[in-house]
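*Asks:* In order, the protein sequence lines correspond to chains A and B. Each residue of the first sequence is one higher than the last, beginning at 66 in our numbering. Each residue of the second sequence is one higher than the last, beginning at 891 in our numbering. No residue lacks a Cβ here, since even glycine has one placed at the ideal position from N, Cα and C.
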Amino acid sequence: MEFWLPLIFVAVMGLALLLYVVLDGYDLGVGLLLPFAAESEKDPMVASIGPFWDANETWIVLGVGILLIAFPQAHGIILTSLYLPATLMLMGLVLRGIAFDFRIKAGESQKGMWNRIFSLGSLIAALCQGWMLGSYVTGLDSSVLGMLFALLIALSLPALYVMLGSAWLMIKSEPAMARKAQGWAKVAWLPMGLALLLISIATPLVSERIASKWFTLPDSLWLLPIPIIASLCYGWIGMALFGRIRYRPVMMFFALVAICVMAALGLAYSIYPDIIIGRMQIHSAAAHVDSLMFTLWGVLITLPMILGYTFFVYRIFRTPAVNQAY
Amino acid sequence: MPELDPFLLARLQFAANISFHILFPTISIGLCWVLLYFRTRFTLTGDKDWEYAYFFWVKVFALTFAIGVVSGITMSFQFGTNWPGFMAKAGNIAGPLLGYEVLTAFFLEATFLGIMLFGKHLVSNRTHLVASALVAIGTTGSAFWILSLNSWMQTPTGHVIRDGIFYVDSWMEVIFNPSFPYRFTHMLIASLLTSAFLLMGISSWRFINRVDGPATWKVFYTGLVMAMVLSPLQALVGDQHGLNTLEHQPAKIAAVEAIWNTETNVPFTLFALPDEISRSNRFALEIPYGSSLILTHSFAGEVKGLNEFAGMHPPVAPLFWCFRIMVGMGVLMILVSWWTGWRVFVRKSIPSLLQLRIFSWMTFSGWVALLAGWYVNEIGRQPWLVYGLMTVEEALADHSGGMVLSTLIVWLLLYVFILYFYIVTLRNLAKKPSASLLASVQNYPGLLPPKEV
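#1: In chain A, which residues lie with their C-beta within 7 Å of the C-beta of residue 1311(B)?
#2: DSSP three-state call for residue 316(A): helix, strand or coil?
#3: Between 1276(B), 1020(B), 1183(B) and 1087(B), which has its C-alpha nearest residue 1139(B)'s C-alpha?
#4: With H, G and I counted as helix, E and B as strand and the rest as coil, what does DSSP make of residue 340(A)?
#5: Could you tell me the distance, in whole angstroms, from the CA atom of residue 373(A) to the CA atom of residue 379(A)?
#6: Of the residues that make up the segment 1130-1146 of chain B, which ones have a beta carbon closer than 7 Å to any beta carbon in chain A?
#7: Please classify residue 1312(B) as buried or exposed, where buried requires at least 16 neighbouring CB atoms within 10 angstroms.
#8: Just checking: is the beta-carbon of residue 994(B) within a distance shorter than 8 Å of some beta-carbon in chain A?
#9: If I measure Cβ to Cβ from residue 1134(B) and keep anything under 6 Å in the same chain, skipping five residues before and after, which residues do I get?
#10: Is there at least one Cβ from chain A nearer than 8 Å to residue 949(B)'s Cβ?
#11: Taking only three categories from DSSP, how would you classify residue 1015(B)?
#12: Any beta carbon from chain A within less than 8 Å of residue 933(B)'s own beta carbon?
#13: Cα separation between residue 1337(B) and residue 1105(B)?
#14: Taking all protein chains shown into account, decide if residue 1218(B) is buried (16 or more other Cβ within 10 angstroms of its Cβ) or exposed.
#15: Could you spell out the range, first to last residue, of the beta strand (DSSP E) harbouring residue 1170(B)?
#16: Quick one: Cα of residue 1033(B) to Cα of residue 1026(B), how far?
#17: Should residue 1331(B) go down as buried or exposed, given a rule of 16 or more other Cβ atoms within 10 Å for buried?
#18: What residues are listed by DSSP as bridge partners for residue 911(B)?
#19: Do you know whose CA, among 947(B), 1019(B) and 1141(B), lies nearest residue 930(B)'s CA?
#20: Does any residue of chain B bring its CB to less than 8 Å from the CB of residue 126(A)?
#21: What residues are listed by DSSP as bridge partners for residue 1049(B)?
#22: Beta-carbon of residue 73(A) versus every beta-carbon of chain B: anything under 8 Å?
#23: Excluding the five sequence neighbours on either side, which residues of its own chain have a C-beta within less than 8 Å of the C-beta of residue 306(A), listed in chain order?
#24: Work out the CA separation of residue 1099(B) and residue 1228(B) for me, nearest whole Å.
#25: Take residue 1080(B) as the anchor and find which of 1008(B), 919(B) and 1159(B) has the nearest alpha-carbon.
#26: Would you verify that the beta carbon of residue 355(A) is, or is not, closer than 8 Å to some beta carbon of chain C?
#27: What did DSSP end up calling residue 205(A) once you bin it into helix, strand or coil?
#28: So, is residue 1238(B) buried or exposed, given that buried needs 16 or more other C-beta atoms within 10 angstroms?
#29: Compute the distance between the beta-carbons of residue 1210(B) and residue 1141(B), then report whether it is under 8 Å.
#30: May I have the straight-line CA-CA distance separating residue 974(B) from residue 138(A), to the nearest angstrom?
#31: Any beta carbon from chain B within less than 8 Å of residue 239(A)'s own beta carbon?
#32: To the nearest angstrom, how far is the alpha carbon of residue 310(A) from that of residue 319(A)?
#33: Contact criterion: CB-CB distance below 8 Å. Does residue 203(A) meet it with respect to chain B?
#34: Taking only runs of the alpha helix (DSSP H) that begin and end inside the segment 909-990 of chain B, which ones reach a length of at least 4 residues, in chain order?
#35: Going by alpha carbons, who is nearest to residue 1053(B) out of 1262(B), 957(B), 1193(B) and 979(B)?
#36: Beta carbon of residue 161(A), beta carbon of residue 179(A): below 8 Å?
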């Protein structure tokens, strides 16, 4: 167990963060798209994420929570290094979260202000998450090159979120709104692809260790499915968006999810067996076995339940609902 | 530019964040049980008023809950960004407790909140009731875990220390550490009391301004009964909590009572200016034997003084004053609720305009008592982070003072901004009869309070 426990927790942490990126990704994407919508479209757009955003946001708390539970020393180092982007991201999430409620309740005269705060908060959170991810991939490198790489990812993540947000709106909206969302997705498609490509090229350049892991035979062959599946999904999304093939919006969303999963797998392979690249290994950072076992029971019992009732809630709200006031 | 002390700043920042955060869960923990009560009453009686009450207060709840959630996420990160030493050393204990909070409480409340708020017309009444109950259980569950961790930091048990790192010996002893049952009960009652005064405060305001109909009365009486039962109970629980603290953290009690030397026949100091330089009280107004009686339940009882803990006791003046603010507010709550209750339930009359005004002023009185109480609890733990075992300074992150100061200023601005709009929005909601959604806008003259006292 001493060998497996830390790996199980890394996997759970990865899953939580992946779910966060996908789920809160579409929430943040909707926030980013809000300024481009007509006034009458804004309420239904926000309503489409109303029942979900709160639970979606909880996945990042679980991700960071597992980092803290299973790898307390790494948690300290990572969050201390990422103090500034983490603080800014939190402020972004605070602004986004409060604007959600205030925009409905504070009265018509303030609605415009809260809409802007909603989008601003989403933008800050998305940029800072990219910044943190980029900085993490370079092993918390604070040199100019490292910062440039972090900046690159900071600018890319919003493109992914816009795609997720558009796909979500295409699923959840009336036909007119869905067409508009498809238009937004068309605009974001190329930047997202460019960002994915640049990150794939830049990552091995930034880290020699990652380069050697990816470009040594025969390992490279085993890894081939990752870029291939990601590229196929990306290509399919493009063809679908530009009207070459018929598709259902749900499939568009899941194609994006598939790209995220591939990116996560690639990242996991690049980092393993470290928890902080070049600085700290998973096993040396792990908390004591007794603490991990105690938490594992909780995870084994509650995580399936959480996934179960999350699914239940998505089923209840499966139909696009225009008016969701309470 | 004077030198910035990163330690002080990190503490200020954490204090600011946690003080702001605690305001909102305190309301939502109490309010969601009240909402469940409104819903259940409506389901059982079919009386529309209870549904109006629900529709109005669920809006208040949603707003409060959202602010609580986002400010809570900040907290989960700041354990790492401000106090990495705490996680590095006590992570084996703090980690799983926080983890269980996320797994058993956060997801539960956040997910079912969606159904509670937006699913009313999509699911059956029973499913909706169950969802509302799960939200209530979730909020209370999160209080359970976080207070367990906080109590463990105050009265650590169930661990062993090897090479400066904490390891778990018994989870039962960690979770149910000696001060936990008292702190948890004290906090839950505080939460319900804060909600009760919020209910009465806003309802009074709505009466006085003739906004709403009989539903508002029902809300007011619900709050009144809660306050009448809970405020004396809270005094009782608080006393027990104090005795528990005396047993485990005598320095905290010595500071609360501003007792410098260990003595018998200790008087209770009503008012004083505790002076840490001369280590004595100035202008003390005392009740003979008071402290001995309260703390040991005997006139001659010996109470340990601060000088027994020289250099390792909390600052005296803030504890002394915060404690008196908390108790003073509690006494005021008992007096006001029983005075009004006597008029309502014994003389069978509606509350007087003066009483309604007082409740309106006391809308956020729960917050005052709550913050004062938490300052007693947390400042009273100083200089320890884990009582007697690890100091706060050992856990500090290595940030420059300037960095912490600038983020502190932005956080403070953000908090003032949110609080301002929170109160403005509550007022705005309270003003609108339509905030009770289907509630009828007409007045009910027969039930309105008289204009003259």
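*Replies:* So, to answer that:
#1: Chain-ordered, the chain A residues with CB closer than 7 Å to the CB of residue 1311(B) read 167 and 171.
#2: Note: residue 316(A) maps to helix in three-state DSSP.
#3: The shortest C-alpha separation from residue 1139(B) is found at 1276(B).
#4: The answer is strand: DSSP assigns residue 340(A) an E or B state.
#5: Each residue's alpha carbon lies about 10 Å from the other.
#6: Answer in chain order: no residues at all.
#7: Around the beta carbon of residue 1312(B), a 10 Å sphere encloses 16 or more other beta carbons of the protein chains shown; the residue is thus reported as buried.
#8: Closer than 8 Å to some Cβ of chain A, the Cβ of residue 994(B) qualifies, so yes.
#9: Closer than 6 Å at Cβ, skipping near neighbours: 1069 and 1072.
#10: Proximity of residue 949(B) to chain A, defined by a Cβ-Cβ separation below 8 Å, is satisfied.
#11: When DSSP states are grouped into helix, strand and coil, residue 1015(B) belongs to the helix group.
#12: Chain A contact via Cβ: absent.
#13: Low confidence applies here, because residue 1337(B) scores a pLDDT of 32, under 50, leaving its location unreliable and the question unanswered by this model.
#14: Counting the other CB atoms within 10 Å of its CB gives residue 1218(B) a total below 16, which places it among the exposed residues.
#15: Here the beta strand (DSSP E) through residue 1170(B) covers 1170-1177.
#16: Using only the alpha carbons, I get a separation of about 11 Å.
#17: Any reading at residue 1331(B) needs caution, since the residue's pLDDT is 28, under 50, leaving its predicted position unreliable; the model's value is listed next. It counts as exposed.
#18: In the DSSP output, where bridge partners are listed per residue, residue 911(B) has none listed.
#19: Of 947(B), 1019(B) and 1141(B), the residue nearest in Cα terms is 1019(B).
#20: So yes, residue 126(A) belongs to the interface.
#21: According to DSSP, which records beta bridges pairwise, residue 1049(B) is partnered with 1058(B).
#22: Taking Cβ atoms only, chain B never reaches closer than 8 Å to residue 73(A), which makes this a no.
#23: Answer for residue 306(A): 247, 250, 251, 254 and 317, listed in chain order.
#24: For residue 1228(B) and residue 1099(B), the distance between alpha carbons rounds to 24 Å.
#25: Of 1008(B), 919(B) and 1159(B), the smallest CA-CA separation from residue 1080(B) is found for 919(B).
#26: The structure shown has no chain C; the protein chains it does contain are A and B.
#27: In the structure shown, residue 205(A) sits in coil (DSSP, three-state: anything other than H, G, I, E or B).
#28: Flag for residue 1238(B) reads exposed.
#29: Contact check for residue 1210(B) against residue 1141(B) fails: the beta carbons are separated by 8 Å or more.
#30: Each residue's alpha carbon lies about 8 Å from the other.
#31: Not closer than 8 Å to any Cβ of chain B, the Cβ of residue 239(A) fails to qualify, so no.
#32: Residue 310(A) and residue 319(A): Cα-Cα distance of roughly 16 Å.
#33: Among the residues facing chain B, residue 203(A) is not included, as its CB has no counterpart in that chain under 8 Å away.
#34: Listed in chain order, they are 938-972.
#35: Among 1262(B), 957(B), 1193(B) and 979(B), the Cα nearest to that of residue 1053(B) is on 979(B).
#36: Taking 8 Å as the Cβ cut-off, residue 161(A) and residue 179(A) do not qualify as a contacting pair.
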